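Asker: For the sequence shown, the tail end lands on 409 under the working numbering, and the numbers increase by one without skipping. All C-beta atoms, glycine included, are put in the ideal place defined by N, C-alpha and C. Note that the structure is a prediction, hence the values are computed from the model and not measured.
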Amino acid sequence: MADLSVAMRTLGCKVNRVEAEKIAARLLGTGVAIVDEDEAAVVVVTTCTVTGEADHKARKAVRHALGLPQSPVVVVTGCLASVDPDGLAALGERVIVEPDKDLVPARVAAVLGTRICPAGVVPRIGEAFRTRAVVKVEDGCDAFCAYCIIPYARGVPRSVPVADVEAEVRSLVDAGVAEAVLTGINIGRYSDAGLDLSGLLERLATTGLSRMRISSIEPGDVDERFLQVAASIPAFCAHLHIPLQAGCDATLAAMGRTYDTAGFAAVVQRAREALPGLAITTDVMTGFPGETDEHFEQTLAFVEACGFSRLHVFRYSPRAGTPAAGMSHQVPAAVKADRARRLRELDGRLRARFAQASLGEEVEVLIERVNDDGSAEGTTREYLHVVITGADLAEGDVVMVWITGAEQGRMTAAW
Ligand code: SF4
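#1: Run through DSSP, which three-state label would valine 325 get?
#2: For glycine 81 and arginine 313, what's the separation of their Cα atoms in angstroms?
#3: Roughly how many angstroms separate the alpha carbons of arginine 164 and threonine 200, rounded to a whole number?
#4: Decide yes or no for the touch test of the segment 140 to 150 against the segment 13 to 20: beta carbon pairs closer than 8 Å, at least 3 of them.
#5: Is glutamate 362 helix, strand or coil when you go by DSSP?
#6: Taking 7 Å as the limit between beta carbons, can you name the residues of its chain near lysine 95, skipping five residues before and five after?
#7: In whole angstroms, what separates the C-alpha of leucine 340 from that of valine 69?
#8: Among Ser210, Val44, Val167, Arg251, which one has its Cα closest to the Cα of leucine 305?
#9: Work out the CA separation of threonine 43 and glycine 120 for me, nearest whole Å.
#10: Less than 6 Å separating the Cβ of isoleucine 208 from some heavy atom of ligand 1?
#11: What does DSSP give as the partner residues of threonine 40 in its beta bridges?
#12: I'd like the list of long-range same chain contacts for leucine -2, defined as Cβ closer than 7 Å, with 5 residues on each side in sequence excluded.
#13: Could you compute how far the alpha carbon of glutamine 222 sits from the alpha carbon of alanine 268?
#14: If I measure Cβ to Cβ from alanine 265 and keep anything under 8 Å in the same chain, skipping five residues before and after, which residues do I get?
#15: Any chance the segment 153 to 164 sits against the segment 181 to 198, with 3 or more Cβ pairs inside 8 Å?
#16: How long is the line joining the alpha carbons of leucine 353 and proline 270, rounded to whole angstroms?
#17: Quick one: residues with CB closer than 6 Å to any heavy atom of ligand 1, in chain order, please.
#18: Just how far apart, CA to CA, sit leucine 166 and leucine 74?
#19: Identify the residues that DSSP records as bridge partners of alanine 400: which are they?
#20: Can the beta-carbon of proline 93 be found closer than 7 Å to that of serine 65?
#21: Count the CB pairs spanning the segment 46 to 54 and the segment 314 to 331 that are closer than 8 Å, and state whether there are at least three.
#22: Return the CA-CA distance between lysine 330 and tyrosine 310, expressed in angstroms with no decimal places.
#23: What is the DSSP secondary structure of leucine 82, reduced to helix, strand or coil?
#24: Can you give me the C-alpha to C-alpha distance between leucine 238 and arginine 11, rounded to a whole angstrom?
#25: Note down the Cα distance separating alanine 334 from valine 325, rounded to an integer number of angstroms.
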């Protein structure tokens, strides 16, 4: 075990991953080695608290680190550290809880007896960024959807200055990165130096980036200006992740979402008209308090009608302190599990349908992995995973291929 050795254990969303990478980069800048957990003097656990299951995984990760034979110190950060610092601290004497991620490197440095890289000086960790880089542009949310703990855990929206985002993307382009995924908690709230999200996209279009994607956008933010700007940027990928959550007006209203199904359908239609070939993915939550069988059937039918290319299915779980946790008519766990299973079945059918519709199409693939058998795997602009055989490709290549097979959602392509 090296003296200055740190392991990173990161749970949850893309924003967490970017933030953990920044912590690791600042540590690396001071001579700290990033190692596997079983070799580390300090384990940094970046937690999530979006569901009860996320809490469970976070505590399990902390307990696992505490149980390692070398007895590391465990520094815990992330959303669960913000909402339940005492509960995490109670897991063991070697636990240090630091909700502020900017302060985590200093906490680690104090344990290791070293000095730390200032927050503004953040070297990139090269290897992980050869193909697609995730760039955080915003943090926080003030929408306060009835089920969601995130506004309490991360606070109100704050935007990364446009100059910083542009400088980061330019450095990625210089390093040969083909695609940047702009991410945040609610990036439709982006606002800096007079630029909104669309203005930011226009600015980044000048960087020479080959492909630009946004991780998620709320339905209300997919407005005419956004679509017009997205359509005008050749690098903008024909893929939007627009969280639906429920396809039933009563459930959407109870959730405190700001649209109904007709409004969402109109957004989908406008987006498809503006961005030809657009793939739309979404989040669907089931088991929100008061969701009846009838409501759920409405959601299933609406999700099918929207023609999403992929679903992320969640089961509602009460988050202490949110309005929904105190609502009556909580849905039994077995009912939630059954509804989630039916949604996942629908997801399988939707993926297969989208894959079938792509047969014979010519698509652009960013190569992310080359396998031992010589095949290559990558992602299309529409966020489809494709396996390519019969070509000598390298990670980071961007190639045009024809889709030749779509078996059970697995897509194959020929050069
Ligand atoms: S928009 Fe709603 S669901 Fe999304 S982070 Fe904000 S409060 Fe949570």
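Answerer: The short version:
#1: coil
#2: Answer to the nearest angstrom: the Cα atoms are 15 Å apart.
#3: Approximately 9 Å between the Cα atoms of the pair.
#4: no
#5: strand
#6: Glu13, Ile17, Thr71
#7: 40 Å
#8: Ser210
#9: Confidence is the limiting factor: at glycine 120 the pLDDT is only 46, short of 50, which leaves the residue's position unreliable and the question unanswerable from this model.
#10: Not so, every heavy atom of ligand 1 lies at least 6 Å from the Cβ.
#11: Per DSSP, the beta-bridge partners of threonine 40 are Thr4, Thr71.
#12: Gly25, Val26, Ala27, Leu106, Thr108
#13: 7 Å
#14: Taken in chain order, the residues that qualify are Val216, Leu221, Leu234, Ile236, Leu272, Ile274.
#15: yes
#16: 17 Å
#17: Cys135, Ala137, Phe138, Cys139, Cys142, Ile144, Pro145, Ile179, Asn180, Glu212
#18: 31 Å
#19: Met405
#20: no
#21: no
#22: 8 Å
#23: Three-state DSSP puts leucine 82 in a helix.
#24: 24 Å
#25: 12 Å
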